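Using the numbering used here, read the sequence shown as starting at 38 and increasing by one per residue. Right, one structure below, let's go through it.
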Amino acid sequence: MDIISGLAAASQALDVAKKLRQFEKSFDEAEFKLQIAELYTALSEVKIALADAKETIAEKDAEIRRLTEIQLGNLKVVRRDGFPFGVENGKVLPIPFCPTCEQAGTQNLFSSPIKGKFYCSVCHRTEVRIPTAPPPPP
Ligand SMILES: [Zn+2]
38 MDIISGLAAA SQALDVAKKL RQFEKSFDEA EFKLQIAELY TALSEVKIAL ADAKETIAEK
98 DAEIRRLTEI QLGNLKVVRR DGFPFGVENG KVLPIPFCPT CEQAGTQNLF SSPIKGKFYC
158 SVCHRTEVRI PTAPPPPP
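Shown next, in the form of structure tokens:
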């Protein structure tokens, strides 16, 4: 469940709670029970949406940490045909860093191929071919 659905469920729960408060005395018992059931359902959906959002945020935080590490030029590299491949958690990244940027002290991954070409978004180096298989880990 996404955030938008979660917010919709929260809004629905608030509407039901508002109705319950306004008509507290005029509801018959069956209507009251129905409203309570709706409230529970809406709140359950809110809970699921928040749990999903928490998980998504944790995943994004991990990705930000990973990308920050790469951006800081902290990854070790192994080379194939002159191309530096980053090593992350013992695994070699499938796409190499741009050699031009590496000489300038930063690690920028080439883009995935666009019209058959690999592209560095920082220095605009373009490669038609990069090694198809990254080297083994060190
Ligand atoms: Zn570059």
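All residues carry an ideal CB built from backbone N, CA and C; glycine is no exception. Keep in mind the model is a prediction, meaning the values are calculated, not measured.
Rounded to the nearest angstrom, the Cβ distance from I167 to F134 is 10 Å, too far for a contact under 8 Å.
DSSP places F69 within a helical segment (H, G or I) once states are collapsed to three. With 16 or more other Cβ atoms from the protein chains shown falling within 10 Å of its own Cβ, A86 counts as buried. Taking C-alpha positions only, C157 is separated from L71 by approximately 59 Å. In the displayed model, K113 falls within a strand according to three-state DSSP.
Here the distance from the Cβ of N145 to the nearest heavy atom of ligand 1 is below 7 Å. The C-alpha of R103 is placed about 12 Å away from the C-alpha of L130. Rounded to the nearest whole angstrom, the CA to CA distance from L51 to L76 is 8 Å.
Relative to ligand 1, T93 has its C-beta separated by 7 Å or more from all heavy atoms.
If you compare the alpha carbons of Q144, T105, I101 and Q140 with that of F122, the shortest gap goes to Q144. Of the heavy atoms belonging to ligand 1, at least one sits nearer than 7 Å to the Cβ of V159.
The three-state reading of DSSP puts K152 in coil, since its state is none of H, G, I, E or B. Annotation for R116 indicates a beta carbon at 7 Å or more from all heavy atoms of ligand 1. The beta carbons of E100 and L112 sit no closer together than 8 Å.
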